[in-house]
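Participant:
Residue numbers (the working numbering): 12 to 669.
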């Protein structure tokens, strides 16, 4: 091989060699990128730390080795979770001479006893990162293990051991693991654990496994609501007990809940469920896998949906109800109270935060297990089955009626106008206003980027030429003669002023998307003035939004972040990029952003931020808004000058949220 391959670059070439390749060791990646492991650094992520530790204790309980778990919150944001399980092993790890298994588990990613199913048949933790992530993101972690009538202790700071594992002494009446930790303020700021949230977490875990007792204790000084300082949770009936408490005295379509449990074949796990159909109130869904909440549902949810809809259709066919063949899963599940808990081996989740179960076999296992029970639930008591069928058919009729009404409204709004829609409008393919949105974009250049960045199914683009007419200082004839305004009115399809009917709006959301500079703000102000004056009912109903495109792109190394304004840029420079050489790019306009950047920062509902523009319901407040608009946007410049003089001191040195 030629030596030229490893020759040093010329002086004109930016340095990029082996020395620039950074290798993060131990738990350093967790502290650098906590969002990859716990989904962020907000309140939800903070409480995810508690879930990770509690889930380990629950795994011991589900495996049959622990019967009691204690959750204790103390001053100083100190949380301690203790169980009477087997205890984390403390003997020397064969692959890490001189280190105990406990230290390896606490300081090494992807270490644990849940990979091959030898120590746990089913478990919530599967990647071996949970407890080590908690350790990495805590200023102090102390682990105590009572094993073989001996007590062992080791303490850590920000993921690193403070010293070796200590044998504290005899512990003849104790067994299990205790983990006490304090989240790091460098990561989470001044956020504190919420007693009410932890109390709910502990209570929900007790429902999910009938054999465990969970004891809750909190320093009374930390409680500001009706959360109890001490409580003991144990529910022999499992999910059925939880559902009974949640439904309370609400009248349901059937007097008996559909509840039960079933082991899967070949020891593959088990499923437990509880379903009720309240008559006059909204319902809720609670999904769990191996005691882990999966708020976004997943394959176990799909299995339950299939079992319920196939079961109710079959029962309808049995009793001669032909309409039952058109029942959908939403008809039987909407407004219902549903709790589903599944235990399976080696579950797969969408992310480390485990919000959604993706294990393919879960759908089949749950459907097969639940379907037989549901068939018996309907046919063993025919009156009950017929009552539930009637309830579901009513939901189906309501759904079809709403669908028909939306189609009529859509056709009414577009009837005779299909060919008269503005030529510049790039419409979405979805005929249903629900879920669709139109972006009002300044200029053809930004419009071109937006068209490439959009979701063609739900997002429409209407480019506007520069600054539209100031309607606050124009008469009605001039307003109607303006081409840009005429295009907007035609595209929205809901009329103006007294004829404005939000029910005829062709889109659910109207998004004003202008450049993140002074000119863009001026155009956005003119558009908001137009909607306030000409389509106030749309604003009052919450259909109008402001997009939040970034003004800057900051890059250092392989890391890029976006800043919405100068203040945000300075904040990122002082925090995320502190001490680093940063390349700052300023977007002169939306048209300068490539479609991928525009989608990621401004248009994708998963990553963007929108500001909803609203009007107060109170008439007097609305009058104040009208007077303010007249002063700022009206024909008299003296009014604007007077307003600026009156309020200049107010905005000096501070940010004012509009």
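Glycine residues also receive a C-beta, built at the ideal position from the N, C-alpha and C atoms.
1) Of all the options 150, 193, 282 and 243, which has the alpha carbon lying nearest to the alpha carbon of residue 73?
2) Counting beta carbon pairs with one atom in the stretch 455 to 474 and one in the stretch 435 to 442, are three or more of them shorter than 8 Å?
3) Alpha carbon to alpha carbon, how far is residue 88 from residue 169?
4) To the nearest angstrom, how far is the alpha carbon of residue 190 from that of residue 94?
5) Can you pull the DSSP bridge partners for residue 594?
6) For the pair the stretch 350 to 368 and the stretch 264 to 283, tell me if three or more CB-CB distances fall below 8 Å.
7) What is the DSSP secondary structure of residue 406, reduced to helix, strand or coil?
8) Quick one: measure Cβ to Cβ for residue 84 and residue 233, integer angstroms, because I've assumed they're closer than 8 Å.
9) Residue ranges of each beta strand (DSSP E) run of no fewer than 3 residues wholly in the stretch 220 to 300, ordered along the chain?
10) Using a 10 Å radius around the Cβ and a threshold of 16 neighbouring Cβ atoms, would you call residue 146 buried or exposed?
11) Assuming contact is defined by CB atoms lying nearer than 7 Å, are residue 537 and residue 479 in contact in what I supplied?
12) Judging by CA-CA distance, which residue of 204, 477 and 215 is the nearest neighbour of residue 235?
13) Indicate, with yes or no, if the ligand SAM has a heavy atom lying under 6 Å from the CB of residue 475.
14) Contact defined as beta carbons within less than 8 Å: I believe residue 365 pairs with residue 303. What is the distance between those atoms, to the nearest angstrom?
15) Which runs of the beta strand (DSSP E) spanning at least 3 residues fall entirely within the stretch 47 to 105, listed in chain order?
16) Could you spell out where the alpha helix (DSSP H) holding residue 518 opens and where it closes?
17) Are the stretch 45 to 56 and the stretch 287 to 302 touching, with three or more C-beta to C-beta distances below 8 Å?
18) Please name the residue in 92, 144 and 510 whose C-alpha comes closest to that of residue 116.
19) So if DSSP puts residue 560 in a beta bridge, which residue, or which two residues, is it bridged to?
20) Pairing CB atoms from the stretch 97 to 106 with CB atoms from the stretch 335 to 353, are three or more of them under 8 Å?
21) Based on the DSSP output, what are the partners of residue 142 in its beta bridges?
22) Please identify the residue among 526, 540 and 519 whose C-alpha is closest to the C-alpha of residue 485.
23) Would you mind sorting residue 201 into buried or exposed? The rule is 16 or more other CB atoms within 10 Å of its CB.
24) Determine the direct distance from the alpha carbon of residue 612 to that of residue 11, and round the result to whole angstroms.
25) With the cut-off set at 7 Å, would you say residue 376 and residue 433 are in Cβ contact?
26) First and last residue of the alpha helix (DSSP H) that includes residue 492?
27) In chain order, what residues of the same chain lie with their CB nearer than 7 Å to the CB of residue 606, ignoring the 5 residues before and after it?
28) CA-CA distance, residue 276 and residue 362?
29) Looking only at its own chain, which residues have a Cβ that is under 6 Å from the Cβ of residue 316, when we skip the five neighbours before and after it?
30) For the putative contact between residue 374 and residue 310, defined by C-beta atoms under 8 Å, what is the C-beta separation to the nearest angstrom?
31) Please look up how many angstroms separate the CB atoms of residue 212 and residue 61, rounded, as I've assumed it's under 8 Å.
32) Please check the pair residue 545 and residue 448, which I expect to be a contact at CB under 8 Å, by giving their CB distance rounded to whole angstroms.
33) Would you check if the distance between the CB atom of residue 231 and the CB atom of residue 240 is smaller than 7 Å?
34) So, are the CB atoms of residue 177 and residue 149 less than 7 Å apart?
35) Relative to the alpha-carbon of residue 619, which residue among 574, 590, 591 and 603 has its alpha-carbon at the smallest distance?
36) Measure the alpha-carbon distance for residue 592 versus residue 567 and round it to whole angstroms.
Facilitator: In short:
1) As a first step, residue 73 must be located in the chain shown, where it is residue number 62. Selected option, being the one with the closest Cα: 282.
2) Taking a cut-off of 8 Å on C-beta distances, the stretch 435 to 442 touches the stretch 455 to 474, as three or more cross pairs fall below it.
3) Here residue 88 corresponds to residue number 77 of the chain shown, with the count starting at 1. Here residue 169 corresponds to residue number 158 of the chain shown, with the count starting at 1. Approximately 15 Å between the Cα atoms of the pair.
4) In the chain shown, residue 190 corresponds to position 179, counting from 1. In the chain shown, residue 94 corresponds to position 83, counting from 1. Near 9 Å, if we compare the C-alpha coordinates of residue 94 and residue 190.
5) Your numbering for residue 594 matches position 583 in the chain shown. Here residue 594 is bridged, per DSSP, to 566.
6) yes
7) As a working note, residue 406 is residue 395 in the chain shown. In the structure shown, residue 406 sits in a helix (DSSP, three-state: H, G or I).
8) To locate residue 84, count along the chain shown from 1; it is residue 73. To locate residue 233, count along the chain shown from 1; it is residue 222. About 6 Å separates the two Cβ atoms, so the contact holds.
9) 224 to 229, 241 to 244, 269 to 274, 280 to 287 and 295 to 300
10) Your numbering for residue 146 matches position 135 in the chain shown. Label assigned to residue 146: buried.
11) On the chain shown, position 526 is the one that residue 537 refers to. On the chain shown, position 468 is the one that residue 479 refers to. For residue 537 and residue 479, yes; Cβs fall inside 7 Å.
12) By one-based count along the chain shown, residue 235 stands at place 224. For the residues 204, 477 and 215, the minimum Cα distance to residue 235 belongs to 204.
13) The ligand SAM is absent from the structure shown, which contains no ligand whatsoever.
14) Taking the chain shown and counting its residues from 1, the one referred to as residue 365 is at position 354. Taking the chain shown and counting its residues from 1, the one referred to as residue 303 is at position 292. Contact flag correct, Cβ pair sits at about 5 Å.
15) 79 to 85 and 89 to 94
16) In the chain shown, counting from the first residue as 1, residue 518 sits at position 507. Here residue 518 belongs to no alpha helix (DSSP H), and DSSP marks it neither H nor E.
17) no
18) On the chain shown, residue 116 is found 105 positions in, with the first residue counted as 1. Answer by Cα proximity: 144.
19) Counted from its first residue, the chain shown places residue 560 at position 549. DSSP output for residue 560 lists no bridge partner at all.
20) In this structure the stretch 97 to 106 does not lie against the stretch 335 to 353, because fewer than three pairs of beta carbons, one per stretch, are closer than 8 Å.
21) Here residue 142 refers to the residue found at position 131 when the chain shown is read from its first residue. None, per the DSSP bridge assignment.
22) Indexing the chain shown from 1 puts residue 485 at position 474. Nearest option by C-alpha distance: 540.
23) The count along the chain shown starts at 1 and reaches residue 201 at position 190. Its Cβ having fewer than 16 others within 10 Å, residue 201 is exposed.
24) Outside the shown range of the chain (12 to 669) lies residue 11, about which nothing can therefore be said.
25) Here the question's residue 376 lines up with position 365 in the chain shown. Here the question's residue 433 lines up with position 422 in the chain shown. Result no, Cβ atoms of residue 376 and residue 433 do not sit closer than 7 Å.
26) As a working note, residue 492 is residue 481 in the chain shown. Run containing residue 492: 487 to 492, per the alpha helix (DSSP H) assignment.
27) Numbered from 1 along the chain shown, position 595 holds the residue referred to as residue 606. Result list for residue 606: 460, 463 and 464, in chain order.
28) For this step, residue 276 is matched to residue 265 along the chain shown. For this step, residue 362 is matched to residue 351 along the chain shown. Straight-line Cα distance between these residues: approximately 28 Å.
29) In the chain shown, the residue the question calls residue 316 occupies position 305. Closer than 6 Å at Cβ, skipping near neighbours: 340.
30) Here residue 374 corresponds to residue number 363 of the chain shown, with the count starting at 1. Here residue 310 corresponds to residue number 299 of the chain shown, with the count starting at 1. Confirmed, Cβ separation roughly 4 Å.
31) Locating residue 212 in the chain shown gives position 201, where the first residue counts as 1. Locating residue 61 in the chain shown gives position 50, where the first residue counts as 1. Right, their Cβ atoms sit about 7 Å apart.
32) Position 534 of the chain shown holds residue 545. Position 437 of the chain shown holds residue 448. No, residue 545 and residue 448 are not in contact; Cβ-Cβ is about 19 Å, not under 8 Å.
33) Within the chain shown, the letter at position 220 stands for residue 231. Within the chain shown, the letter at position 229 stands for residue 240. Against a cut-off of 7 Å, the Cβ pair of residue 240 and residue 231 comes out as a contact.
34) Position 166 of the chain shown, counted from the start, is the residue given in the question as residue 177. Position 138 of the chain shown, counted from the start, is the residue given in the question as residue 149. No, they are not a contact pair.
35) In the chain shown, residue 619 corresponds to position 608, counting from 1. The residue with the shortest Cα to Cα distance from residue 619 is 574.
36) For the purposes of this step, residue 592 is taken as residue 581 along the chain shown, with counting starting at 1. For the purposes of this step, residue 567 is taken as residue 556 along the chain shown, with counting starting at 1. As the crow flies, the alpha-carbon of residue 592 is around 6 Å from that of residue 567.
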